[in-house]
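In UniProt numbering, the protein residues as written are 1 to 409.
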């Protein structure tokens, strides 16, 4: 078809649309101007097109969706090959319950090696961080470096005695777990610092805050960690962050934002990936917790969706590989959490109203088991290949779970 024929057909489509929708006067004016401006004869203009303009648009949109689905299927096939079926090797037994560790709600738990001792690390609304000997149940360390509840804990990958804590007191602290001394204290946020993490190579540190900002720090041998880049104000609170395993980028999730942000640590460019499968910008959930799979190929996102939705993405991708669902939750107070099994075959998700932990087989997206025991909202999960699964929350207990073929050590 020549450009002249295409031009004439386009005018005929518009003329037909105006007539069909009652724009009579506009159609008459369009007919006159089409002849004088575009040199389209009236008999050509009034030729009835085979397909109305509105239907052409609908078909175009449908073809776009079909094309996107085909493209998504291609990408899914690329990611699918690395998903491995479960083998039943996941915790099913409540091994132990630690009570009385903290006076306040326990907001974070992790499993750490303190020299030759395996300890459960807990952070609480009572302003303290405590180490509990897994073997004896005794509290062996107590840190009081904050003036308000402690929200997160992380440990340096090369210096395991360096502990990073963030708090409701707006501060971030690096302390020495051997001497209990403060190594560095940071005051770069104006509201709660909800998360602080070291990069896998130890060269970077990042903090996320309810002041709608994200801070990235670089390690310096002479002066320690120094603020290198601050992002903000963003559209909402920064709820979740994680580093990629090769320390090339930081992934961030922000409230009122339907994108995952991959921030390059080379030049601090922000590459955004839409979390909506249809590609629109409707914000229907917030990413509340983000982690990378053990094989480094997937990103798992817990959301505040009322159905407990957790989404598995390919890394550096908008492709939704799996959707997992926990129990119903009140999105206004939701703090959904998850953690990976070290084998990558299972994920553990919690944060729903029923206070249960769901064991999800990643490849099939099925619930393999449910762990029950907590009596209030679960706030944090941690997994260790030797210890098993640790969970904690607003019932002020820490519960330790193991599989049938292992014993807690």
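C-beta atoms are modelled at their ideal positions from N, C-alpha and C, and glycine is treated no differently.
Between which two residues does the beta strand (DSSP E) carrying residue 123 extend?
Segment 117-124, the beta strand (DSSP E) holding residue 123.
Kindly provide the ranges of any beta strand (DSSP E) runs that are 3 or more residues long and lie completely inside the stretch 230-286, ordered along the chain.
Runs found: 238-243, 249-254, 259-264, 270-274.
Where residue 401 sits in the DSSP three-state scheme
Strand at residue 401.
Please report the distance separating the alpha-carbon of residue 239 from that of residue 211.
Straight-line Cα distance between these residues: approximately 11 Å.
What are the uninterrupted segments assigned as alpha helix (DSSP H) that are 4 or more residues long and contained completely in the stretch 198-234, given in chain order?
Counting whole runs of 4 or more residues, the stretch 198-234 contains no alpha helix (DSSP H) stretch at all.
Measure how close the beta-carbons of residue 216 and residue 228 come, nearest whole angstrom, since I'm counting them as under 8 Å.
5 Å between Cβ atoms; contact.
Bounding residues of the beta strand (DSSP E) (the contiguous stretch that carries residue 417):
Absent from the model: residue 417. The displayed extent of the chain is 1 to 409, so no value can be given.
Using beta-carbon positions only, say whether residue 213 and residue 231 come within less than 8 Å of one another.
Cβ atoms of residue 213 and residue 231: closer than 8 Å.
Residue 370 - containing beta strand (DSSP E), residue span
366-371 is the span of the beta strand (DSSP E), which, as asked, contains residue 370.
Ends of the beta strand (DSSP E) at residue 324?
Per DSSP, residue 324 belongs to the beta strand (DSSP E) from 320-325.
Are the beta-carbon atoms of residue 100 and residue 124 separated by less than 8 Å?
In terms of Cβ geometry, residue 100 and residue 124 do not form a close pair [threshold 8 Å].
Short of 6 Å in beta carbon distance, which residues of its chain neighbour residue 69, apart from the five on each side in sequence? Order them along the chain.
In this prediction, residue 69 has a pLDDT of 47, which is less than 50 and means its spatial position is unreliable; nothing more can be read from the coordinates.
State the beta-bridge partners of residue 166 as determined by DSSP.
According to DSSP, which records beta bridges pairwise, residue 166 is partnered with 152, 172.
What number of angstroms, rounded off, separates the C-alpha of residue 160 from the C-alpha of residue 176?
Taking the straight line from one Cα to the other gives about 9 Å.
Residues near residue 205 in its chain [Cβ-Cβ closer than 6 Å; skip 5 each side]:
In chain order, 198, 217, 225 place their CB closer than 6 Å to the CB of residue 205, counting only its own chain and leaving out the 5 sequence neighbours on each side.
Nearest-angstrom Cα separation, counted from residue 262 out to residue 268
One C-alpha to the other measures close to 9 Å.
Beta-carbon of residue 131 versus every beta-carbon of chain D: anything under 8 Å?
No chain D appears in this structure, which consists of one protein chain only.
Am I right that residue 365 and residue 323 are in contact with their C-beta atoms under 8 Å? What's the rounded C-beta distance?
That belief holds up - the Cβ atoms of residue 365 and residue 323 are roughly 7 Å apart, short of 8 Å.
How many Å lie between residue 275 and residue 116 at the Cα?
A straight line joining the alpha-carbon of residue 275 with that of residue 116 spans about 42 Å.
Residue interval of the beta strand (DSSP E) (run including residue 161):
Premise fails: residue 161 is in no beta strand (DSSP E) and is neither H nor E.
What's the call for residue 390, buried or exposed, on a 16-neighbour Cβ count within 10 Å?
The residue in question, residue 390, is buried, as its Cβ has 16 or more Cβ neighbours within 10 Å.
How would you call residue 385, buried or exposed, if buried means at least 16 neighbouring beta carbons within 10 angstroms?
Its Cβ having fewer than 16 others within 10 Å, residue 385 is exposed.
DSSP three-state call for residue 335: helix, strand or coil?
Here residue 335 sits in coil by DSSP.
What residues are listed by DSSP as bridge partners for residue 16?
Per the DSSP secondary-structure output, residue 16 pairs with nothing in a beta bridge.
Excluding the five sequence neighbours on either side, which residues of its own chain have a C-beta within less than 6 Å of the C-beta of residue 147, listed in chain order?
Cβ contact annotation for residue 147 (same chain, cutoff 6 Å, sequence separation greater than five): 169, in chain order.
Beta-carbon contacts of residue 236 that lie in its chain and below 7 Å, excluding the five residues immediately before and after
Once the five neighbours on either side are set aside, the close Cβ partners of residue 236 are 212, 254, 255, 256, 257.
Taking all protein chains shown into account, decide if residue 11 is buried (16 or more other Cβ within 10 angstroms of its Cβ) or exposed.
Buried.
Go ahead and pull the three-state DSSP assignment for residue 128.
The answer is coil: DSSP assigns residue 128 none of H, G, I, E or B.
By the three-class DSSP mapping on this structure, what secondary structure does residue 96 have?
It is a strand residue.
Return helix, strand or coil for residue 392, following the three-state DSSP convention.
Assignment of residue 392 by DSSP, reduced to helix, strand and coil, places it in the strand class.
Taking the DSSP output, what are the residues bridged to residue 306?
DSSP links residue 306 through a beta bridge to no other residue.
Assuming the contact rule is C-beta atoms closer than 8 Å, residue 185 and residue 152 should be a hit. Round their C-beta distance to whole Å, please.
At roughly 15 Å, the Cβ-Cβ gap does not stay under 8 Å, so residue 185 and residue 152 are not in contact.
Residue 382: buried (16+ other C-beta within 10 angstroms of its C-beta) or exposed?
Per the 10 Å Cβ criterion, buried.
Is it right to say residue 282 is buried, meaning 16 or more other beta carbons lie within 10 angstroms of its own, or is it exposed?
Residue burial is scored here from C-beta neighbours: residue 282 has fewer than 16 other C-beta atoms within 10 angstroms and is therefore classed as exposed.
To the nearest angstrom, how far is the alpha carbon of residue 296 from that of residue 130?
Rounded to the nearest whole angstrom, the C-alpha separation of residue 296 and residue 130 is 30 Å.
First and last residue of the beta strand (DSSP E) that includes residue 358?
Element bounds for residue 358: 357-361.
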